[in-house]
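Written below as structure tokens is the structure these notes are about.
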Amino acid sequence: MTVFCSPSSRMIPNSTRKKSSGCWIPAAAVTPSWWRRKEFAMLTKLQALLLLLAAGLLTGCSNFPSRQPPIWIWLDMKKQDKFKPQAATTFFSDGRTSRRPVEGAVAQETYRPNLPYSTGIDSDNTYVARNPEPLTKETLLRGQNRFDIYCAPCHDRTGSGRGIVPSKAVWVPGNIHDDRIVNMVDGELYHVISNGRRTMPGYRFQIPEKDRWAIVAYLRVLQRSWRGTMKDVPADLQSKVR
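Reading the sequence shown from the start, the letters are residues 10 to 251 in the working numbering.
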């Protein structure tokens, strides 16, 4: 057995050295060997058990495809009594899981009781002749605001068709001052804004119906500004025109 003592005890001769209080004996030296062997065996078994448990858990972490169904320890709502879309089923007589809506049903957000107002097409399948919105200052200002946001990038703020977008493209937008567009009734202009024409996309999803009619009203203002004459100005205001 090895005994460790303080350095000062080494300087004292053996004949006069007494048992020093600075000496200490390792715990392992006084522990019975049979206890140490049993403790070691227990630790070894515990470590082996932990390794086996870790290996078992890692077997479920493979990312390789397998034809074998997985073993669910915790379901966590992974298996439910449900029907997947477009799947076949024997529950319904037609074998379809996806059910058709009731005949005549329409989505709430697409239902428009006033069809001419929402489509620009009248009941006799012709375009609405006159703008149904009142031509007030507020309507024209709203139309100008929406035109500058959605229309001006292609058609220019004056409607000439020389906006920023076509300067980088191979197509040229229509000039709203051409006779072909000037002669369109208000309903046709509204229909073009809603559904598009040729290279122009429709804006019915971006612009509400009321704003589309406001844009039509502002288009008439732009057209009138290019084709108007002094006779169109009231007499009491002609002196203010420069």
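In this text, a Cβ means the ideal position worked out from N, Cα and C, and glycines have one as well.
DSSP places I130 within a strand segment (E or B) once states are collapsed to three. For G170, there is no enclosing alpha helix (DSSP H), since its DSSP letter is neither H nor E.
One alpha carbon belongs to S248, the other to Y126, and they sit about 39 angstroms apart. In the three-state DSSP reduction, M239 falls in the helix class (H, G or I).
The continuous alpha helix (DSSP H) containing N204 extends over residues 195-204. The three-state secondary structure of R229, taken from DSSP, is helix. Excluding residues up to 5 positions away in sequence, Y126, W222 lie with their Cβ nearer than 7 angstroms to the Cβ of P141 in the same chain. Around the CB of Y120, fewer than 16 other CB atoms lie within 10 Å, so the residue is classed as exposed.
For G170, same chain residues with a beta-carbon under 7 angstroms away, outside a window of 5 residues either side, are H164, V181, P182, G183, N184 in chain order. The beta carbon of G196 is closer than 6 angstroms to those of G129, Y136, V137 in its chain, skipping five residues each way along the sequence. Taking a contact to require three or more Cβ pairs closer than 8 angstroms, the region 204-212 and the region 143-152 do not qualify as touching.
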